[in-house]
Amino acid sequence: MLTNEEKELLEKEVHGYVHREAAKISVLNKLQEWRGWISDETLKEAAEFLEITPDELDSVASFYNLIYRKPVGKKVIHVCDSASCWALGEPEVKAELKKCLNVNMGETTEDGAFTLLPIVCLGNCDNAPTMLVGKELHNRVKPADVKQILVESKEK
Ligand code: FES
13 MLTNEEKELL EKEVHGYVHR EAAKISVLNK LQEWRGWISD ETLKEAAEFL EITPDELDSV
73 ASFYNLIYRK PVGKKVIHVC DSASCWALGE PEVKAELKKC LNVNMGETTE DGAFTLLPIV
133 CLGNCDNAPT MLVGKELHNR VKPADVKQIL VESKEK
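So the sequence shown is numbered by our numbering: it starts at 13 and just counts up by one.
This is the structure we're talking about:
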């Protein structure tokens, strides 16, 4: 159940919208920030708050790559696998990530620090290959950079 404090903060997200449901992504993002991911229970609470059905909200939540409908690690690594990144070395970067983290795509490391996921074009093609680690965008990533990026990201 949404706490009174959560409701109060979410009211700020819908403020200014003529229709509450226009704030779907903002509300989901806030809840994900607080809870780590969007469980079925959280989805229902958010839908009730937005005065729409859980199915209506789930169609947005499931479509949007940065909303997690399953538990994820402390940080999610999104590796862009669209054309430019793929052509400029994404497969090698991905292989190095899998090796360093000892996971496959879609999995979370044993210590819960990272989840590794693919993502479509991040709109950063001139800096390909690129990946997001949490909220931090990394440009022109080489396999040799991966270990250091992971170490620094864990420290933040
Ligand atoms: S193809 Fe990777 S950022 Fe566009």
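We treat Cβ as the ideally placed atom computed from N, Cα and C, and that holds for glycine. Predicted model only: the values in this text are computed from it and were never measured.
Taking a contact to require three or more Cβ pairs closer than 8 angstroms, the region 67 to 75 and the region 20 to 32 do not qualify as touching. Taken from the Cβ of N77, every heavy atom of the ligand FES lies 7 angstroms or farther away. A Cβ-Cβ distance of about 12 angstroms is found for the pair I37 and N77, leaving them out of contact under the 8 angstroms criterion. A straight line joining the alpha-carbon of A125 with that of E119 spans about 11 angstroms.
Pairing I50 with E57, the inter-Cα distance amounts to about 10 angstroms. In this structure, S74 lies away from C137, with their beta-carbon atoms at least 8 angstroms apart. When the beta-carbon positions are compared, L162 and C112 come within less than 8 angstroms of each other. Residue pairing from DSSP places P130 in a beta bridge opposite V91. Taken from the Cβ of G135, at least one heavy atom of the ligand FES lies inside 7 angstroms. Boundaries of the alpha helix (DSSP H) around V72: 66 to 75.
Going by beta carbons, M143 and C92 fall inside the 8 angstroms limit. Rounded to whole angstroms, the gap between the alpha carbons of I79 and V115 is 21 angstroms. Distance from the Cα of N151 is smallest, within the candidate group L129, K87, V105, L128, for V105.
For the options E102, S165, A107, I89, the alpha carbon positioned closest to that of A140 is the one of E102. At a threshold of 7 angstroms, T142 counts as near the ligand FES, since its beta carbon sits closer than that to one of the ligand's heavy atoms. If you check the CB distance, V145 and I89 come in under 8 angstroms. Around the CB of E108, 16 or more other CB atoms lie within 10 Å, so the residue is classed as buried.
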